[in-house]
Structure formats: C-alpha cells, structure tokens
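What follows is a set of notes on a single structure, which appears directly below.
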Amino acid sequence: MVKGYWVVGIDVHDQEKFQAYVAATPEILKKYSARLLAGGDNHLVPEGSARSRNMIIEFPSYQSALDCWNSTEYQQAIKLRLHASKIDLVIIEGFKGPQPS
37 MVKGYWVVGI DVHDQEKFQA YVAATPEILK KYSARLLAGG DNHLVPEGSA RSRNMIIEFP
97 SYQSALDCWN STEYQQAIKL RLHASKIDLV IIEGFKGPQP S
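Numbering (this note's numbering) for the sequence shown: 37 to 137.
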C-alpha cells in the first residue's frame, strides 16, 4: 500500500492561540496512525520560499491522509488555528515508481 503524506508549512502569529490547535491534534493524528517524519527547528530553503515552520506527516495510505483531513475532529481543530497562523498544506501520495539505483 502506498503511503500518504501531509507536507505542511506554517507561520504562527499568535503562539498562545496556536497552542490550542497543537494540543488538539495529537489524538486526531494517532487515530489515523500518522507519524511525524520531519519538523525540526533547522531548515534550508535553497530555492523558492517556505514558511517559518515546516513538517512532513506520514499516513499508512493516501486515503487515510485524506480521511484525517476530512474528519470532523480535524475540521474542528482547524478552527483553533485560523486566527493564529497561516498554513500551506499539501496532501500527496507516496512515490510508486522505481527508486534511483
């Protein structure tokens, strides 16, 4: 089964309000068997642009990534961050082709 991913860029302008979103999401992500793959403090943007915080979240399948996004719980959590941050989120399917050899 091909995995699914959320690629997320975040700019937080109200950390206190954003903390409510941060507190709400772990249980939701756990329900969909998500794993946080990347999201440390250090990043380099050699081309283009990026938000101040960036994350990659892995799901067991593309469908589970979509299901999590569309869930009632996550849609409620989104409301907690709307006035605290700007987010770019892309849901992508894992690569199916051959890997470089």
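Ideal placement from N, C-alpha and C gives every residue a C-beta, glycine not left out.
The DSSP-derived three-state label of N90 is strand. When the beta-carbon positions are compared, I123 and I64 stay at least 8 Å from each other.
Secondary structure note for D124: its beta strand (DSSP E) is the uninterrupted segment 121 to 129.
Contact check for S88 against Y68 fails: the beta carbons are separated by 8 Å or more. Per the C-alpha coordinates, the member of L80, Q51, E52, A74 positioned closest to Y41 is A74.
Taking A59 as reference, the option from Q112, I128, G130, P136 with the minimal CA-CA separation is Q112.
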